[in-house]
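Chains as they are written, first to last, in this note's numbering: chain W, 136 to 482; chain S, 136 to 482; chain R, 136 to 482; chain Y, 136 to 482.
What follows is a set of notes on a single structure, which appears directly below.
4 protein chains.
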Amino acid sequence: MSSKSNFMSDNVSGACPEVMDALIQANEDNSPSYGDDPWTKELTVRLQEIFETPVTVFPLTTGTAANALALSTLTPVFGKIYCHELAHINTDECGAPEMFTGGAKIVDIPGENGRISAESLERTIYGAGNVHHAQPATVSITQACESGTVYSLDEIRSITSVAHAHSLHMHMDGARFANAIATLGVTPAQMTWQAGIDVLSFGGTKNGCLAAEAVVFFKPELVGDFPFLQKRAGQLVSKSRFISSQFTGYLSNDVWLRNARQANAMAQRLSKGMARLPGLELAYPTESNEVFVKIPMDLIERLWAQHLSINDEELDGKAVRFVTAWNTTESQVDDLLQLIATQCEPS
Amino acid sequence: MSSKSNFMSDNVSGACPEVMDALIQANEDNSPSYGDDPWTKELTVRLQEIFETPVTVFPLTTGTAANALALSTLTPVFGKIYCHELAHINTDECGAPEMFTGGAKIVDIPGENGRISAESLERTIYGAGNVHHAQPATVSITQACESGTVYSLDEIRSITSVAHAHSLHMHMDGARFANAIATLGVTPAQMTWQAGIDVLSFGGTKNGCLAAEAVVFFKPELVGDFPFLQKRAGQLVSKSRFISSQFTGYLSNDVWLRNARQANAMAQRLSKGMARLPGLELAYPTESNEVFVKIPMDLIERLWAQHLSINDEELDGKAVRFVTAWNTTESQVDDLLQLIATQCEPS
Amino acid sequence: MSSKSNFMSDNVSGACPEVMDALIQANEDNSPSYGDDPWTKELTVRLQEIFETPVTVFPLTTGTAANALALSTLTPVFGKIYCHELAHINTDECGAPEMFTGGAKIVDIPGENGRISAESLERTIYGAGNVHHAQPATVSITQACESGTVYSLDEIRSITSVAHAHSLHMHMDGARFANAIATLGVTPAQMTWQAGIDVLSFGGTKNGCLAAEAVVFFKPELVGDFPFLQKRAGQLVSKSRFISSQFTGYLSNDVWLRNARQANAMAQRLSKGMARLPGLELAYPTESNEVFVKIPMDLIERLWAQHLSINDEELDGKAVRFVTAWNTTESQVDDLLQLIATQCEPS
Amino acid sequence: MSSKSNFMSDNVSGACPEVMDALIQANEDNSPSYGDDPWTKELTVRLQEIFETPVTVFPLTTGTAANALALSTLTPVFGKIYCHELAHINTDECGAPEMFTGGAKIVDIPGENGRISAESLERTIYGAGNVHHAQPATVSITQACESGTVYSLDEIRSITSVAHAHSLHMHMDGARFANAIATLGVTPAQMTWQAGIDVLSFGGTKNGCLAAEAVVFFKPELVGDFPFLQKRAGQLVSKSRFISSQFTGYLSNDVWLRNARQANAMAQRLSKGMARLPGLELAYPTESNEVFVKIPMDLIERLWAQHLSINDEELDGKAVRFVTAWNTTESQVDDLLQLIATQCEPS
């Protein structure tokens, strides 16, 4: 791929060596299918260590499926799911949550820097018990969120308190979970169940796997019919070891945190460099591996002329998104900054 | 895995070397996501060569999703899908076709050796245009079928003629497509669009891939909204090259046919060996890589005591299924036959 | 309507006087909506008397909606519903059960005279707990059934015993409930909850109402989210009194039984008359208000020439269906018999 | 019903005499079912006169079903439906549009006085053709709207222009269609297809029918599979004449307009009376048959003590809604005003 496309998304990166090694090793012999393989069993054990609590885990292949299946166990067909208006489930899943839940209604809430507040959530919930209204059921927050910022533990706790006070379930979309952990410097337990999260979409793909996501339940009573729903959704991979073994590599020796720290560090380097360039302005604080920059349209056009990949339909239609990954290097960041710098002041 | 579980299914086998090599190579650099990678583009080219006609191709991760998505483009929410009563879509997908189509109705048809006939299909179709009845929409046949037998080209042509005479679409579940091609010795074109098949689920997983399936459209006008339906179903893998590159290896140098021929040959060896054992009887002719054997219950129990894996809930509740794969060896087959032989005549 | 169309269906008849009178009376003043009206409240009381047990009742407008909503409270999205192959839910609701349940699978069972047997049901149930299979959930029987015959109490008890032994719920489609009660001469309690029925679609429309059906729950724990599901299905009529007041008239002074007895008596008269005609043969015993007669095709054509309405797409493609209603008279029956008799022996 | 509940909703009113008379007359004889009756056929003819253009008409029983079915023919499963945030389809149908469309996404738009503007609609539409986003499909406006105000013809034309420029379909929820016609003094043609409306939910229930709604298509190419979708939704009433004949009375001799004019006039009288009372303030202009008044909480409590029915969960949580109907009288309005006046100044 052209070096000028490296910052398009974290999903342009491949798998890190440890993940590939684990996958290759898992292929050495025959193995039981449909989750009866050793790697899938090990995954649960490993995540219980990481989260310091019993969990029920379902590995699968895409973040959209992870979110939609998680939500479908938490939300009745006539239920409402509350989330930020920029949430992936609201804007980037082409109706998957609606499909998997059988027609639940996503209620989107505005909020600064891509995050909802407990107060705005509280104001938005209404209609419980009234047969005319879709029923409040679930709250979903994204950590790190779509704007690249991160909820503090206090913010999470406030939101989950509101949710639970209304008997709603709490889902966390953790497509960039590792990046948030790396930013906050807290434990996975602190950022999830100890803060009131009931179910987590735990992402691996964006941070060094090929295609590996997991739905993690912290409350066994919420698992419900997940195995049937997963199979019915075409998300039960027959040779399941090839998903689970990716996690074996990913979760060994803090590889997942190492990857996230590298991505975050490169985002910081990029963010600081951008902020120094004339005419550029950060749209959001850079708190994970995404940098959002307001760039004047004429500069964007000069960058396009230099074949820099800039998506013209960005998250909010105003800021350009640059994403770093586990394999982003300092020189890649510096090259990008250099390219933009040269175009800032055309001769 | 214990050697005594090797025949449980073809999905206990891993990926063949060429598939792994292609995957590893695809991981060497960054690459565009969501199907814009070179491997996905190459896949279409390669399948057009193999099928000798323009095709539209969508790679994804499970056979259940491939079938359900294909059916959802062919069948309205109030439609009927006709298939054999043992079809995977009817018995082994936990309602995925119903979910993806939004409630279509599967009408199952009995038939010898796991195959429907044109005559029984014709007799079953009724109600078109009558608002009280779910509407005839789609016919799905499995090649090779769930009983391990294979439709002849004539049988396929007769069935597709009936379907098209009623303006129904023709789907082929090709989870074991390569095995059927190897058995019939015909071209992929002959067994599909030239025989009246409109859409194919082209399987790679069972025959040497990790997780690679593709929906192949032979008629562009049937593709419809597939891209949106695929995304909405959580089946659009972001790092798409990791699915498509499997096919790169799989479809190179006739690897896919070599794999299928080996599996079929081992099934023949096993089938012939079984037929010679006292008290055993083949339930169906062995025409692909599955062998169905009627085994007396007391013998099954002795084999369980020897730790041979025999699923007690088999396809039809009566015959035991043994499945060979691309990596099944003669000595594995002979060991299995030897084990059973020793238990046939207990001291 | 032409007198020669009177036997097309029981839904060509209008409402009986008592139903119209109650409706007119319910219109005299303003009244609360959405079920808070006195007629809806009275309906529950009245049905509790009739069924001699506490019940939860939801009035609505069509039998298809009653069945589909009832099934949707009993059946998960990945569930199986067992019924006779001729059941209305299987053949005449254009996929409504699939829509309302979100994709459940109807498994149809053959059976003599339109009825399933406990034995065939037992043989058909499999796969509970296995994630690959849609899950056994619900059994639905129709009383009186689509062939015009009636389950005996013993037959019902045997079927519900099988269902409950497998932890399945029992639904009865009672579109012609009154006719079956009139035939068996048993109490509504005996034919439903005392025989193991959990939920009943209680029909009024075919037997003297305009459009009045009710879902009747005998087990409060099965009601679940019915009120929300009903509203979401567009089946919560705002001026609810206009449905409920029909039942006020219908259930007063045994009007519903009087109507059914008249329809049944006329069916007996018709059936006996048919049996005496040369070349005609009853397809099923006449046990409610439907008469199925095998009529030679040339006679059918002569009857068409006489403008007798005979649907050419009958229940089973072979027998002609004649249906009597609460307002069918002896002279109408005799006229029909006379017409056919004259055509039996053309000059 | 207590006279103090008369203003709770227009659905507390019964049917007007002409509607009841037509219904009674339709019951006099047997009649074909499922829409083959004379009243249903006449309905199309009558609506074609009223709308001065060919239309395709489907009568049914609830406004929720009319809206949801109409939307389901216009919107793919992955589609977006744009409407005002207070629209009935967004807030008061418990997810029916989501159910009937199979998971489409309602995008709600704020707007003054309960109406969206062409500008805000234009700003909200995005993502067409991008597989990650639910796809723009349909716009729905309510006329008269949920706040009791009415779109001008110019406003409608501006909105439909934006919609059609984006290839979106235009739906009008006309639960109070007659009231809007009465207010604007325009023709039904001018307010619908001549202004760019494609499909109309034409309401009768709130304005003098028992339960009678109709979906009216102005473009035959949009009808699609409506008959099958209607049957599948349990919305095809078997004795169809009992819905259609209500329209016979309703649409004869301008009964529908007379009813609406009376309701509107009483709303004007009430609105003006309210505006004169100390401490009360109109929340929206009164332009149809709904009056929204901001009432101090202590006054509300005194009115509750007088047994006046005031719903504590009103449309927007702030204003109290009073609704007039075809049978509201001047003395009822004056009694209500008198009651409130006496409580405004407690001794």
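All C-beta atoms, glycine included, are put in the ideal place defined by N, C-alpha and C.
Subject >> Arg411 (chain S) burial status per 10 Å Cβ neighbour count (16 or more: buried) >> reply: By the neighbour-count rule (16 or more Cβ atoms within 10 Å), Arg411 (chain S) is not buried but exposed.
Original post:
By the criterion of Cβ-Cβ separation under 7 Å, what are the contact partners of Ala313 (chain R) in chain Y?
Top reply: Proximity of chain Y to Ala313 (chain R) at the Cβ level (cut-off 7 Å) is not reached, the minimal Cβ distance being about 16 Å.
Subject >> First and last residue of the uninterrupted alpha helix (DSSP H) at Val455 (chain R) >> reply: Run containing Val455 (chain R): none in the alpha helix (DSSP H); it sits in the beta strand (DSSP E), Ala454 to Val458.
**OP:** With a threshold of 16 other CB atoms inside 10 Å of the CB of Gln365 (chain W), please say whether the residue is buried or exposed.
**Re:** Gln365 (chain W) is buried by the Cβ-count criterion.
**OP:** Using 10 angstroms around the beta-carbon of Leu80 (chain R), count the other beta-carbons present and answer buried if the total reaches 16, otherwise exposed.
**Re:** Past the boundaries of the shown model lies residue 80 (chain R); chain R is included only from 136 to 482, so the question cannot be answered.
**OP:** State the Cα-Cα distance for the pair Gln270 (chain S) and Ser293 (chain W), rounded to the nearest angstrom.
**Re:** A direct Cα-Cα distance of roughly 51 Å separates Gln270 (chain S) from Ser293 (chain W).
Subject >> C-alpha gap between Leu450 (chain R) and Leu386 (chain Y), whole angstroms >> reply: Reliability of the predicted coordinates at Leu450 (chain R) is poor, the pLDDT of 42 falling under 50, and no value is obtained from them.
Original post:
Any idea what DSSP makes of Thr197 (chain S), helix, strand or coil?
Top reply: Reduced to three states, the DSSP call for Thr197 (chain S) is coil.
Subject >> Under 8 Å between C-beta atoms of Ser379 (chain S) and Thr208 (chain S) >> reply: Taking 8 Å as the Cβ cut-off, Ser379 (chain S) and Thr208 (chain S) do not qualify as a contacting pair.
Original post:
By the 10 Å Cβ neighbour count, where 16 or more other Cβ atoms means buried, how is Ser148 (chain Y) classified, buried or exposed?
Top reply: By the 16-neighbour rule on beta-carbons within 10 angstroms, Ser148 (chain Y) is buried.
**OP:** Within its chain, find whatever has a CB closer than 6 Å to the CB of Ala205 (chain W); leave out the 5 residues flanking it on each side and keep chain order.
**Re:** Around Ala205 (chain W): His306, Val334, Ser336 and Val350.
Original post:
Using the beta-carbon count (16 or more within 10 Å), is Ala330 (chain Y) buried or exposed?
Top reply: By the neighbour-count criterion, in which a residue is buried when 16 or more other Cβ atoms sit within 10 angstroms of its Cβ, Ala330 (chain Y) is buried.
Original post:
If you drop the 5 nearest sequence neighbours on each side, which residues of the same chain put their C-beta closer than 6 Å to that of Thr327 (chain S)?
Top reply: In the same chain as Thr327 (chain S), and ignoring 5 residues on each side of it, the C-beta atoms closer than 6 Å to its own belong to Leu335, in chain order.
Subject >> Same chain only: Cβ atoms within 7 Å of Val285 (chain S), ignoring 5 sequence neighbours per side >> reply: Gln278, Ala279, Ala315, Thr318, Leu319, Glu422 and Ser423, listed in sequence order.
**OP:** Can you grab the Cα-Cα spacing for the pair Cys479 (chain W) / Gln441 (chain W), in whole Å?
**Re:** Taking the straight line from one Cα to the other gives about 12 Å.
Subject >> Secondary structure of Ala324 (chain R), DSSP reduced to three states >> reply: DSSP places Ala324 (chain R) in helix when its eight states are reduced to three.
**OP:** Verify the CB distance criterion: does Val147 (chain S) have a CB-CB separation below 8 Å to chain W?
**Re:** Output row for Val147 (chain S): interface = yes.
Original post:
How do the region 461-474 of chain W and the region 424-436 of chain S stand: do at least 3 beta-carbon pairs fall below 8 Å, yes or no?
Top reply: Fewer than three Cβ pairs drawn from the region 461-474 of chain W and the region 424-436 of chain S lie within less than 8 Å of each other, which leaves the two stretches out of contact.
**OP:** Indicate the three-state DSSP secondary structure (helix, strand or coil) for Asp451 (chain S) in the structure shown.
**Re:** Below a pLDDT of 50, predicted positions are generally treated as unreliable, and Asp451 (chain S), at 49, falls in that range; the measurement from the model is reported next regardless. The answer is coil: DSSP assigns Asp451 (chain S) none of H, G, I, E or B.
Subject >> Coil, strand or helix - Gly338 (chain Y) by DSSP >> reply: If DSSP states are grouped into helix, strand and coil, Gly338 (chain Y) belongs with the strands.
**OP:** Please classify Glu281 (chain S): is it buried, with 16 or more other beta-carbons within 10 angstroms of its beta-carbon, or exposed?
**Re:** Classification of Glu281 (chain S): buried, given that the 10 Å Cβ count is 16 or more.
Original post:
CB-CB under 8 Å to Phe186 (chain R), same chain, minus the five flanking residues each way: which ones, in chain order?
Top reply: Non-local beta-carbon contacts of Phe186 (chain R) in its own chain, meaning distances under 8 Å to residues more than five positions away in sequence, involve Pro323, Ala324, Thr327, Trp328, Val351 and Phe353 in chain order.
Original post:
Can you give the Cα-Cα distance for Gly262 (chain Y) and Lys453 (chain W), rounded to whole angstroms?
Top reply: Roughly 15 Å separates the two Cα atoms.
Original post:
Expressed to the nearest angstrom, what Euclidean distance is found between the alpha-carbon atoms of Ile445 (chain Y) and Leu178 (chain R)?
Top reply: Going from the Cα of Ile445 (chain Y) to the Cα of Leu178 (chain R) covers about 27 Å.
Subject >> Buried versus exposed call for Asn388 (chain Y) [16 or more other C-beta atoms within 10 Å across all chains shown] >> reply: With fewer than 16 other Cβ atoms inside 10 Å of its own Cβ, Asn388 (chain Y) counts as exposed.
Original post:
Just how far apart, CA to CA, sit Val212 (chain S) and Gln370 (chain Y)?
Top reply: Each residue's Cα considered, the two are about 16 Å apart.
Subject >> Near-chain R residues of the region 164-182 of chain Y (beta-carbon distance less than 7 Å), N- to C-terminal order >> reply: Closer than 7 Å at the C-beta level to chain R, one finds these residues of the region 164-182 of chain Y: Asp164, Asn165, Ser166, Pro167 and Ser168.
Original post:
How many angstroms separate the CA atom of Ser252 (chain S) from the CA atom of Glu290 (chain S)?
Top reply: For Ser252 (chain S) and Glu290 (chain S), the distance between alpha carbons rounds to 7 Å.
Subject >> Segment contact flag, the region 217-237 of chain S with the region 188-204 of chain S, C-beta cutoff 8 Å, min 3 pairs >> reply: Taking 8 Å as the limit for Cβ pairs, the verdict is that the region 188-204 of chain S does touch the region 217-237 of chain S.
Original post:
Taking Cβ to Cβ, would you say Asp164 (chain W) is nearer than 8 Å to Met143 (chain S)?
Top reply: Not closer than 8 Å, so no.
**OP:** Find out if the Cβ-Cβ distance for the pair Thr340 (chain S), Asn162 (chain S) is shorter than 8 Å.
**Re:** No. Outside cutoff.
**OP:** Taking only beta-carbon positions, decide if Arg376 (chain W) is within less than 8 Å of chain R.
**Re:** Not closer than 8 Å to any Cβ of chain R, the Cβ of Arg376 (chain W) fails to qualify, so no.
Original post:
What does Ala186 (chain R) reach in chain W if we use C-beta pairs closer than 8 Å?
Top reply: It is worth fixing the name first, because residue 186 (chain R) is Phe in this sequence and not Ala. In chain order: nothing, as chain W lies at least about 25 Å away.
Original post:
If contact means a Cβ-Cβ distance below 7 Å, which residues of the region 262-280 of chain R contact chain W?
Top reply: Listed by position along the chain: Val266, His267 and Gln270.
**OP:** Look at the alpha carbon of Glu356 (chain W) and the alpha carbon of His301 (chain W), and state the distance between them as a whole number of angstroms.
**Re:** Looking at the two C-alpha atoms, the distance is approximately 18 Å.
Original post:
Does Leu450 (chain S) have its Cβ less than 8 Å from a Cβ in chain Y?
Top reply: With a pLDDT of 42 at Leu450 (chain S), under the threshold of 50, the modelled position of this residue cannot be trusted; read the value that follows with caution. Taking Cβ atoms only, chain Y never reaches closer than 8 Å to Leu450 (chain S), which makes this a no.
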